[in-house]
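Counted from 1, the sequence shown has number 163 at position 163 by UniProt numbering; the numbering is strictly sequential.
Glycine is no exception: its CB is placed at the ideal position from the N, C-alpha and C atoms.
Quick caveat, the model's predicted, so the values are computed rather than measured.
Notes for the one structure printed next.
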Amino acid sequence: SRARRTMSYNGIGLQTTRGSGTNGYVQTNKFHRSASRLQRTEWRDLKDIHGAGPKSNKPNEEILAHQRKREIEVKLAQLEDDLEEKGVDAEEITERLKEARVKFEREAERKSGPGPADDTHAIARRKAEKMESLRRAFGITREHAEEREGEAFDQDLQAKIRDQKRADREEEMRQREERRVKEQRRREKERKRAEKERKEAEKVRKKEEKRALKERARMEKAGIKFDPPERRDDDRGRGRGRSRSRSPPERGRGRPRTQEDLDAEMDGYMAVARKVQNRGGGSRSFSRS
Numbered sequence: 001s002r003a004r005r006t007m008s009y010n011g012i013g014l015q016t017t018r019g020s021g022t023n024g025y026v027q028t029n030k031f032h033r034s035a036s037r038l039q040r041t042e043w044r045d046l047k048d049i050h051g052a053g054p055k056s057n058k059p060n061e062e063i064l065a066h067q068r069k070r071e072i073e074v075k076l077a078q079l080e081d082d083l084e085e086k087g088v089d090a091e092e093i094t095e096r097l098k099e100a101r102v103k104f105e106r107e108a109e110r111k112s113g114p115g116p117a118d119d120t121h122a123i124a125r126r127k128a129e130k131m132e133s134l135r136r137a138f139g140i141t142r143e144h145a146e147e148r149e150g151e152a153f154d155q156d157l158q159a160k161i162r163d164q165k166r167a168d169r170e171e172e173m174r175q176r177e178e179r180r181v182k183e184q185r186r187r188e189k190e191r192k193r194a195e196k197e198r199k200e201a202e203k204v205r206k207k208e209e210k211r212a213l214k215e216r217a218r219m220e221k222a223g224i225k226f227d228p229p230e231r232r233d234d235d236r237g238r239g240r241g242r243s244r245s246r247s248p249p250e251r252g253r254g255r256p257r258t259q260e261d262l263d264a265e266m267d268g269y270m271a272v273a274r275k276v277q278n279r280g281g282g283s284r285s286f287s288r289s
């Protein structure tokens, strides 16, 4: 037939079935799904059907408490009938009923059990306790357990939940970045402050060393002999004993001069200058600025 010889329509398509891998019959694709059918809207029907969600049969605590009180009254009535049949005095019956009432109330508080097996509120309580234990066993959160039926198919609600989670995550990242920047600024400030203090201390040390060298040169030029300051107790013990190191001591390299060494040397210069001034009666004064 013509349908077998050509696969074109209005001059568009294959002119022959040769090489097409088909028999020439053009059929409808039964597996094609239109875009409108790809969007599920059944969840909208679920919202209309369920509304605010299924009604949970929660136990009424007032009814359960009333049933416990009723059981206590029934036991007291039976006890009163037994005592009257035995011929017990009315006063003694009253005292025994008071004691029994206290006893039954304590037992009811201690044994607040599931209640009768055929009572609807007792059944609802047992069901709620069972579901609570099951929720804890599976690790399901209380918020997830309280979700309404069909919310997982509510695309609008799920989109809002995703947007809220994204906003919370971005807010957390922003706060974390602010804390990181703040901590980095604090560390940079501490580093600059320490560097400034170090430079100031180095400047003072160099100034004191320069002053000490200048004073020493002036005293040597004036012909004043200067004895080095006495070593401290902690410095005296350093040279005692034989060094355990097998290598010979390095020449020309001593320990670095500290601020204490400079202060001691400057004090020695000032002491010698004062002695010279007292002997010669000079008017020049020596003091550390």
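- With fewer than three CB-CB distances shorter than 8 Å, the region 83-94 does not count as touching the region 121-132.
- A Cβ-Cβ contact shorter than 8 Å links LEU79 with LEU97.
- For the pair GLY87 and ALA77, the Cα-to-Cα distance works out to about 16 Å.
- Pairing LYS196 with GLU265, the inter-Cα distance amounts to about 27 Å.
- Put simply, the backbone Cα of GLN67 is about 34 Å away from that of GLY139.
- With contacts defined as CB atoms closer than 8 Å, THR16 and ASN23 fail to qualify as a contacting pair.
- Spatial neighbours of ALA108 in its own chain (CB-CB distance under 7 Å, excluding positions within 5 residues in sequence) are listed in chain order as ARG68, ILE72.
- Judged by DSSP in its simplified three-state form, GLY268 adopts helix.
- Counted as a single uninterrupted DSSP element, the alpha helix (DSSP H) harbouring ASP163 occupies residues 155-221.
- Within a 10 Å sphere around the beta-carbon of ALA212 sit 16 or more other beta-carbons, which makes this residue buried.
- Out of GLU61, GLU178, LYS214, LYS160, the CA that lies nearest to the CA of THR120 is found in GLU61.
- Boundaries of the alpha helix (DSSP H) around LYS98: 90-110.
- CA-CA distance, THR258 to LYS182, rounds to 37 Å.
- Here the alpha carbon of GLY223 sits roughly 23 Å from the alpha carbon of GLU208.
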